[in-house]
Amino acid sequence: MHSQTRVLARPFGEPAPEPIAELSDIHKTFRTGFRRRAVPVLRGLDLTIHAGEILALLGLNGAGKSTLMKIMLGLVKPTRGRGTLLGLPLGSPAARAAVGYQPEQPYLYPSLSVRETLEFMADLSRIPSGRRASRIAAVVEQCSLAGQLDARVQRLSRGWLQRLTLAVALLGDPHFLMLDEPLGGLDPGARLAVKEIVRNLRAAGKTVLINSHILPDIEALADRIALLHEGRIVACGGLHELLSGNDEGHELEVISDQPVRLPGVCLSGWAPATGRSLWWIAGGDPDGLQRLLGELVTRGLRIAALVPRRQGLEAFFGRVTELRPSSPPARPTSADEDAAGRKRRVS
Amino acid sequence: MSAVFSLARHTFLDALREKAFLLLGLFGAIMLMLSRLLNPLALGEGRRVTLDIGLGLIAICGFLLITVLGTRMVHKEIDRKTILLILAKPIRRIEFLAGKFLGLVGVLAVTIAGMTLLLAAVMALSGYRVESSLAVAGLYAFLELFVLAALAMVLIAFTSPVLATFFLVGLYVVGHLATSLIDLAAMLPDPSAGRIVQVVFYLLPRFDLYSYTLEVMHGAAVSGQQLLWGGAYAAAYAGGALLLALVVLRAREFS
Numbered sequence: 001m002h003s004q005t006r007v008l009a010r011p012f013g014e015p016a017p018e019p020i021a022e023l024s025d026i027h028k029t030f031r032t033g034f035r036r037r038a039v040p041v042l043r044g045l046d047l048t049i050h051a052g053e054i055l056a057l058l059g060l061n062g063a064g065k066s067t068l069m070k071i072m073l074g075l076v077k078p079t080r081g082r083g084t085l086l087g088l089p090l091g092s093p094a095a096r097a098a099v100g101y102q103p104e105q106p107y108l109y110p111s112l113s114v115r116e117t118l119e120f121m122a123d124l125s126r127i128p129s130g131r132r133a134s135r136i137a138a139v140v141e142q143c144s145l146a147g148q149l150d151a152r153v154q155r156l157s158r159g160w161l162q163r164l165t166l167a168v169a170l171l172g173d174p175h176f177l178m179l180d181e182p183l184g185g186l187d188p189g190a191r192l193a194v195k196e197i198v199r200n201l202r203a204a205g206k207t208v209l210i211n212s213h214i215l216p217d218i219e220a221l222a223d224r225i226a227l228l229h230e231g232r233i234v235a236c237g238g239l240h241e242l243l244s245g246n247d248e249g250h251e252l253e254v255i256s257d258q259p260v261r262l263p264g265v266c267l268s269g270w271a272p273a274t275g276r277s278l279w280w281i282a283g284g285d286p287d288g289l290q291r292l293l294g295e296l297v298t299r300g301l302r303i304a305a306l307v308p309r310r311q312g313l314e315a316f317f318g319r320v321t322e323l324r325p326s327s328p329p330a331r332p333t334s335a336d337e338d339a340a341g342r343k344r345r346v347s
Numbered sequence: 348m349s350a351v352f353s354l355a356r357h358t359f360l361d362a363l364r365e366k367a368f369l370l371l372g373l374f375g376a377i378m379l380m381l382s383r384l385l386n387p388l389a390l391g392e393g394r395r396v397t398l399d400i401g402l403g404l405i406a407i408c409g410f411l412l413i414t415v416l417g418t419r420m421v422h423k424e425i426d427r428k429t430i431l432l433i434l435a436k437p438i439r440r441i442e443f444l445a446g447k448f449l450g451l452v453g454v455l456a457v458t459i460a461g462m463t464l465l466l467a468a469v470m471a472l473s474g475y476r477v478e479s480s481l482a483v484a485g486l487y488a489f490l491e492l493f494v495l496a497a498l499a500m501v502l503i504a505f506t507s508p509v510l511a512t513f514f515l516v517g518l519y520v521v522g523h524l525a526t527s528l529i530d531l532a533a534m535l536p537d538p539s540a541g542r543i544v545q546v547v548f549y550l551l552p553r554f555d556l557y558s559y560t561l562e563v564m565h566g567a568a569v570s571g572q573q574l575l576w577g578g579a580y581a582a583a584y585a586g587g588a589l590l591l592a593l594v595v596l597r598a599r600e601f602s
């Protein structure tokens, strides 16, 4: 179990960026059920978000990522702890005026049209009447909603709904955006579009806090990644800092009549139809690899492939949160052997 | 447009979409039907019967509107989680509450005014004289529902629409019988129990203040002082209730 936060330092001499949000020792316990059972969600979370960065919050379902955003907005009160948002108390209206929030689901009014939704939300964003039309036009262009302005919200597809909630978040021209699962449930085209919008926001100097389960998208978008596990940030830093030295290894594929056991290496998958076994060999020690290959040759096994690979964020996430497959690797069919084998890499 | 006014407008339009004003059409149809049916049986008391039924229907329809619409509109925001979107904007909870309340009051005002005008029209069509006291009756019905709408805000801030409706019905009935509590307090042998009953009396809404049917039937005038007192009481009571609703709403979390 990881109890210590792994915060990676910035290079020596580099000035500290201006903090947009600072959270210190945030605890949140929900009370549920008839007996008001205590369910701790956040347990002493510390986090600083710097101006102009895209910080991705990564964690399992129920890790408290959405709760953290709601605490920052004042929708949920922390049980303990303190923090500031743009130098103001968490949840204060002045702070919220400079924040754009996209909730996890598109919570919108189904009977309103896209135009009516934007007009209503522009009023709530306290946009001066002189700037209202231009702000609406700007977010419509940013989110490519021009063709949907008269469509009822209830008739929009998931992709358009996500764009609309993003447009609502952008209405007040906020300095800081909180996007809760902005890419969830989107088709590849819509995902690309939303990612492009987020990149443009960074280019415009906005700060973005993003919750997502889609690890490749986080890898592609985030400047820093904060890993939230068991109510605490257990690792925080840039992707390369987080992965350095831990993600390199080799993928080894061997053909045999039955599953082969190798000393000190875990089997990732075995396809009986083709006799292919797949292993993940962590680390880049050439001597160890040489010894292993020698043993395979001695046993008369056929090596089908040996590919150097980086494991990426998914493996790092599994390692830090100490996730392990709960059951032994299942036998994949010949059709999905490659995919299944890759999914069950264990270092 | 101010945020409060925008929220009120949104609530009003939402009520329109929920077809709340169908009540008006229903009221008009029932009034016309009853006046035609009952007039031959009224033995020269047709005007009185029409007024009695009309004012009774205004009270019932208004009450239905509050219980159906008033209890649902805040809960709907919480249930659909659109409240997350609203409160993530620079909107204070007092503004949210004020917007919702004003929207509901707007719906009530239009509905009560519409029903009063329809009643006047039915009376005029039936050949009865229409007096200004009918407008006062409409105003009193509005003030009663104004207080009830504020109570609906308190209830819906901490409970479900079903329970809120249940409590609202209880408060409506007890509010009409509130003066009986004073009689009860006088009859109690224990003075401390009597004082407790008196406190309860002052806490309960005084809907009996807005019972004006008899005066309308007899064409009795209402003094300006009476009207002012009725308005001031409604404003003070609703203000207190909204303050309580605000305290509850500020303590609530929306996760």
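Same order as they appear, the protein sequences are chains P and C.
Per my numbering, the first sequence starts with residue 1, numbered consecutively.
Per my numbering, the second sequence starts with residue 348, numbered consecutively.
For each residue, glycine too, the CB sits at the ideal point set by N, CA and C.
Would you kindly check if the distance between the Cβ of residue j and the Cβ of residue i is under 8 angstroms?
i: Phe-489/C; j: Ala-456/C; result: yes
i: Ala-582/C; j: Arg-553/C; result: no
i: Ala-350/C; j: Asp-173/P; result: no
i: Thr-207/P; j: Glu-104/P; result: no
i: Cys-236/P; j: Ala-220/P; result: no
i: Phe-548/C; j: Leu-528/C; result: yes
i: Leu-551/C; j: Gly-577/C; result: no
i: Thr-436/P; j: Pro-40/P; result: Limits of chain P in this structure are 1 at one end and 347 at the other, which puts residue 436/P out of reach.
i: Leu-58/P; j: Leu-239/P; result: no
i: Gly-100/P; j: Leu-192/P; result: no
i: His-565/C; j: Pro-508/C; result: no
i: Ser-473/C; j: Phe-120/P; result: no
i: Leu-589/C; j: Arg-440/C; result: no
i: Leu-164/P; j: Pro-106/P; result: yes
Does any residue of chain C have a CB that is nearer than 8 angstroms to the CB of residue i?
i: Lys-77/P; result: yes
i: Ala-21/P; result: no
i: Pro-93/P; result: yes
i: Pro-325/P; result: Confidence in Pro-325/P is poor, its pLDDT being 40 and thus under 50, which makes the residue's placement unreliable; the coordinate value appears in the next sentence. No, its Cβ sits nowhere closer than 8 angstroms to a Cβ of chain C.
i: Arg-96/P; result: yes
i: Asp-123/P; result: yes
i: Arg-126/P; result: yes
i: Glu-18/P; result: no
i: Thr-84/P; result: no
Indicate the three-state DSSP secondary structure (helix, strand or coil) for residue i in the structure shown.
i: His-250/P; result: strand
i: Asn-211/P; result: strand
i: His-422/C; result: helix
i: Arg-439/C; result: coil
i: Arg-6/P; result: Unreliable positioning characterises Arg-6/P in this predicted model, as indicated by a pLDDT of 43, which lies under 50. The coordinate reading is nonetheless provided below. In the structure shown, Arg-6/P sits in a strand (DSSP, three-state: E or B).
i: Ile-529/C; result: helix
i: Thr-32/P; result: strand
i: Thr-117/P; result: helix
i: Ser-277/P; result: strand
i: Tyr-101/P; result: strand
i: Pro-308/P; result: strand
i: Gly-474/C; result: coil
i: Thr-512/C; result: helix
i: Glu-196/P; result: helix
i: Ala-445/C; result: helix
i: Ile-127/P; result: coil
So, for residue i: in the same chain, excluding its five sequence neighbours on each side, which residues have a beta-carbon less than 7 angstroms away from its beta-carbon?
i: Ala-460/C; result: Gly-485
i: Val-260/P; result: Val-254, Ser-277 and Leu-301
i: Gly-417/C; result: Leu-451, Ala-496 and Ala-499
i: Gly-159/P; result: Leu-186, Asp-187 and Ala-190
i: Phe-359/C; result: Gly-450, Gly-453 and Val-454
i: Arg-135/P; result: Ala-122, Ile-127, Leu-171 and Asp-173
Using a Cβ-Cβ distance cut-off of 8 angstroms, determine whether residue i contacts chain B.
i: Ala-435/C; result: Going by chain labels, chain B is absent from the structure shown, which instead holds the protein chains P and C.
I'd like to know if residue i contacts chain P, where contact means its C-beta is closer than 8 angstroms to some C-beta of that chain.
i: Ser-558/C; result: no
i: Leu-510/C; result: no
i: Phe-601/C; result: yes
i: Ile-425/C; result: no
i: Arg-542/C; result: no
i: His-422/C; result: no
i: Leu-468/C; result: Leu is not the amino acid found at residue 468/C; the sequence shown has Ala there. Closer than 8 angstroms: no.
i: Lys-366/C; result: no
Quick one: residues in its chain with C-beta nearer than 6 angstroms to the C-beta of residue i, no 5 flanking neighbours on either side, listed in chain order?
i: Glu-18/P; result: Ala-51
i: Tyr-557/C; result: Tyr-487, Leu-490 and Glu-491
i: Phe-12/P; result: With a pLDDT of 48 at Phe-12/P, under the threshold of 50, the modelled position of that residue is not reliable, and the figure given next carries that caveat. Answer for Phe-12/P: no residue qualifies.
i: Pro-182/P; result: Gln-102 and Val-194
i: Leu-179/P; result: Gln-102 and Ile-210
Using a Cβ-Cβ cutoff of less than 8 angstroms, which residues in the same chain neighbour residue i once the five nearest sequence positions on both sides are dropped?
i: Ser-327/P; result: Residue placement at Ser-327/P is flagged as unreliable, the pLDDT there being 35, under the threshold of 50; the coordinate-derived value follows with that caveat. Same-chain partners within the cutoff: there are none.
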